[in-house]
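Just so we're aligned: the sequence shown equals residues -16 to -1, 1 to 277 in mature numbering (1 follows the signal peptide of the UniProt record, and there is no 0).
Cβ coordinates follow ideal geometry from the N, Cα and C atoms, glycine included.
Inspection log for the structure reproduced underneath, given as structure tokens.
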Amino acid sequence: MFKLIVVGIVAVVAQAIHPIRDEIVHDIRAKATTWTAHDVQTNPISNWTEEDIRARLGTVIQPPIEGIPSPAVYNDVIPTSFDSRTKWSNCVHAIRDQAKCGSCWAFGATESLSDRLCIASDGKVDVVLSPQDLVSCDWWDRGCSGGILSWAWSHLESEGAAADTCIPYESQTGKAPSCPSKCKDGSDIKRYQCSDKVQATKIDEIKSDILNNGPMETGFTVYEDFMSYSGGVYKHTSGAQLGGHAVKIVGWGDGYWICANSWGPSWGEKGFFNIAFGECGIDSAVYGCTPKL
């Protein structure tokens, strides 16, 4: 009898602390004025366990690193709103799904460089780069156990990333295969590199670089309420801290960033979300580089 009671108590406690829960949704709806939350029952990720959620948060959030150059601020008139998906509709690639691997740092980096390669080449180099290449081959970082954005971009400078068709994503279950010596089809690996890594820490720097060169990668702190996001401009409203996450910034509106997540197209606004400037460290250290063509 005693053992059954203890097991029952543990089960109740575990269920009560799941990040996607009615308490959080009610709190958001009572307090949030700029964004909306899914009902628990209609949330497309409500079947994720707490372990599933934490597994997807694989970015080690760090303060800006000294010695990394800031991007040039061009003499452009920076518009109030801008969307890379509109300006470069043929170059901003589709939303992807990292699944149960803490590889967001690799997705954000390779997705940003993929877009920039296409933009810099006027569409001539239109390739989706492989996050798996970074997960398996970037010895600076820790594969599905997480990564640091500045290290990922250093790897893209020194080694580059292969095409996704060469090294397809295979870490959906949280395991990283060893670094391959050949493409999946047995052909030689060609990697795409970049140079002149930059770290933007000011809003106008970020805007100017995206406006001229394309999307950038950033990291931010995720709280429980973010898991219930359905639309609008996210501002942390309720719940505890869960971990660090990396995404691709594709543009901005009046007071917010437009970001591409890597949780599939059913999450958020067809895989995208908006987040207020300065919220959860979203613009404290943003990375990009110049593609080598």
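Reference residue i, options the options, closest by Cα
i: Glu141; options: Cys163, Ala16, Val182; result: Val182
i: Asp267; options: Lys186, Gly216, Ala78; result: Lys186
i: Val112; options: Pro164, Ala136, Arg80; result: Arg80
i: Asn31; options: Gly42, Asp11, Arg5, Ile12; result: Arg5
i: Glu201; options: Thr157, Ile233, Ser138; result: Ile233
Proximal residues to residue i (C-beta, below 7 Å), its chain only, five neighbours per side dropped
i: Trp236; result: Ser65, Phe66, Lys191, Ile242
Close-in-space but distant-in-sequence residues of the same chain around residue i (CB under 6 Å, 5 per side omitted)
i: Ala16; result: Thr221
i: Gly(-9); result: Unreliable positioning characterises Gly(-9) in this predicted model, as indicated by a pLDDT of 35, which lies under 50. The coordinate reading is nonetheless provided below. Hits under 6 Å: none found.
i: Pro20; result: In the sequence as displayed, the identity of residue 20 is Thr instead of Pro. Result list for Thr20: Ser214, Gly215, Gly216, in chain order.
i: Cys121; result: Cys163
For residue i, the three-state DSSP class (helix, strand or coil)
i: Ile266; result: coil
i: Cys88; result: helix
i: Asn197; result: helix
i: Trp180; result: Sequence inspection shows Asp at residue 180; the Trp mentioned does not correspond to that position. Strand, per DSSP.
i: residue 360; result: Only positions -16 to 277 of the chain appear in this structure, which leaves residue 360 out of reach.
i: Asp67; result: strand
i: Leu277; result: coil
i: Val234; result: strand
i: Glu143; result: coil
Residue i, buried or exposed, once every other Cβ within 10 Å from all chains shown has been counted against 16
i: Tyr240; result: buried
i: Glu7; result: exposed
i: Gln82; result: buried
i: Lys108; result: exposed
i: Asp99; result: buried
i: Ala78; result: exposed
i: Pro55; result: buried
i: Lys254; result: exposed
Own chain, CB closer than 8 Å to residue i, minus 5 neighbours either side, in chain order
i: Asp188; result: Val57, Ile62
i: Glu154; result: Gln116, Pro161
Beta-bridge partners of residue i, as assigned by DSSP
i: Pro115; result: Paired residues: none, contrary to the question.
i: Asp81; result: Trp247
i: Glu21; result: Correcting the residue identity first, residue 21 is Ala in this sequence and not Glu. Beta-bridge pairing links Ala21 to Tyr213.
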